[in-house]
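Novice: Pasting a structure here, questions to come.
Numbering (the numbering used here), first residue to last: 2 to 188.
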């Protein structure tokens with residue numbers, strides 16, 4: 002039986018083809034490639050089991066990458082060839098801690114590195130946006146980056162705009178959910 006997807010993310014590559022990632026109700030995450038007319042280009046790639054959020058995908062111009070949460074809440078990054086095959090091993094960017102849930106994985110390519118972002122609870126009920134940089138070869142660069150400090154982030158997405166990163170998030174610091182946006186220079 003086919004399971005209906007409950008989170009879908011898609012990107013368009015410069016050749017007009019598409020990459021689509023999704024998670025189904027049983028928690029498995031997949032990636033597939035489509036030509037410009039929507040015909041599948043090869044088999045689906047199974048990323049693995051996911052928790053309640055993800056996957057997020059990005060394209061560097063040379064390869065794909067995916068970011069998702071495992072059922073235990075670990076934040077996982079993997080690189081894929083243009084044909085959808087894994088490159089190297091999966092990388093854990095954040096290991097889950099009891100009482101400190103992670104959500105809203107968002108992945109972008111910033112011309113020379115991957116930027117993985119997510120919402121993280123600090124254990125006291127405060128949730129903010131954090132990020133980690135990953136090299137083109139899949140190595141973690143630098144330390145953990147704290148993007149927001151409001152403590153009330155509910156959901157977040159990031160986007161690359163050529164020379165800066167845009168973050169949009171829902172925040173209930175005033176007692177009701179409102180949308181916030183911040184631009185950060187990449188340095």
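Here a beta-carbon is modelled for each residue, glycine too, at the ideal position from N, C-alpha and C.
Note that the structure is predicted; figures quoted are calculated from it, not measured.
Find the nearest neighbour of residue 132 within the set 126, 146, 125, judged by alpha-carbon distance.
Specialist: Your numbering for residue 132 matches position 131 in the chain shown. Ranked by Cα distance from residue 132, the options 126, 146, 125 are led by 146.
Novice: State the start and end residues of the unbroken beta strand (DSSP E) segment that holds residue 63.
Specialist: Against the chain shown, residue 63 aligns to sequence position 62. First-last for residue 63: undefined, no H or E at that position.
Novice: Go through its chain and collect everything with a Cβ distance to residue 62's Cβ below 8 Å, but skip five positions before and after it.
Specialist: Your numbering for residue 62 matches position 61 in the chain shown. Its chain contains 15, 110 as the residues whose beta carbon lies nearer than 8 Å to that of residue 62, once the 5 sequence neighbours on both sides are disregarded; these appear in chain order.
Novice: Relative to the alpha-carbon of residue 69, which residue among 39, 38, 98, 119 has its alpha-carbon at the smallest distance?
Specialist: Sequence index remark: in the chain shown, residue 69 carries index 68 (1-based). That would be 119, whose Cα lies nearest to the Cα of residue 69.
Novice: Starting from residue 157, trace the beta strand (DSSP E) in both directions and tell me its first and last residue.
Specialist: What you label residue 157 is simply residue 156 of the chain shown in a count that begins at 1. Start and end: 154-161.
Novice: What are the residues that DSSP puts in a beta bridge with residue 132?
Specialist: Your numbering for residue 132 matches position 131 in the chain shown. Bridge partners of residue 132: 118, 146.
Novice: Go ahead and pull the three-state DSSP assignment for residue 21.
Specialist: Counting from 1 along the chain shown, the entry for residue 21 is found at position 20. Here residue 21 sits in strand by DSSP.
Novice: DSSP beta-bridge partners for residue 103?
Specialist: Translated into the one-based positions of the chain shown, residue 103 becomes position 102. Per the DSSP secondary-structure output, residue 103 pairs in a beta bridge with 121.
Novice: Using only alpha-carbon positions, find the residue among 165, 151, 34, 81 that is nearest to residue 191.
Specialist: With the chain represented from 2 up to 188, any question about residue 191 goes unanswered, as that position is not in the structure.
Novice: Quick one, which of 136, 25, 169 has its alpha-carbon nearest residue 78's?
Specialist: Looking up residue 78 in the chain shown gives position 77. Of the residues 136, 25, 169, the one whose Cα lies closest to the Cα of residue 78 is 136.
Novice: The beta strand (DSSP E) spanning residue 35 covers which residue range?
Specialist: On the chain shown, position 34 is the one that residue 35 refers to. Here the beta strand (DSSP E) through residue 35 covers 29-35.
Novice: Just mark residue 94 as buried or exposed, buried being the case when its beta carbon has 16 or more other beta carbons within 10 Å.
Specialist: Start at 1 with the first residue of the chain shown, and residue 94 comes out as number 93. Residue 94 comes out buried.
Novice: Quick check on DSSP: helix, strand or coil for residue 45?
Specialist: Mapped onto the chain shown, residue 45 falls at position 44. DSSP places residue 45 in coil when its eight states are reduced to three.
Novice: Can you pull the DSSP bridge partners for residue 185?
Specialist: Along the chain shown, one-based indexing puts residue 185 at 184. In the DSSP output, where bridge partners are listed per residue, residue 185 has 166.
Novice: Kindly indicate which residue of 27, 161, 172, 41 has the alpha-carbon position closest to the one of residue 49.
Specialist: Along the chain shown, read from residue 1 onward, the residue named residue 49 stands at position 48. Measuring from the Cα of residue 49, the nearest candidate turns out to be 27.
Novice: If residue 75 sits next to residue 59, beta carbons under 8 Å apart, how far is it from one beta carbon to the other, in whole angstroms?
Specialist: The residue labelled residue 75 in the question sits at position 74 within the chain shown. The residue labelled residue 59 in the question sits at position 58 within the chain shown. Not quite, the Cβ-Cβ distance comes to about 19 Å (not below 8 Å), so this is no contact.
Novice: Using only the alpha-carbon positions, how far apart do residue 41 and residue 21 sit?
Specialist: Taking the first residue of the chain shown as 1, we reach residue 41 at position 40. Taking the first residue of the chain shown as 1, we reach residue 21 at position 20. For residue 41 and residue 21, the distance between alpha carbons rounds to 10 Å.
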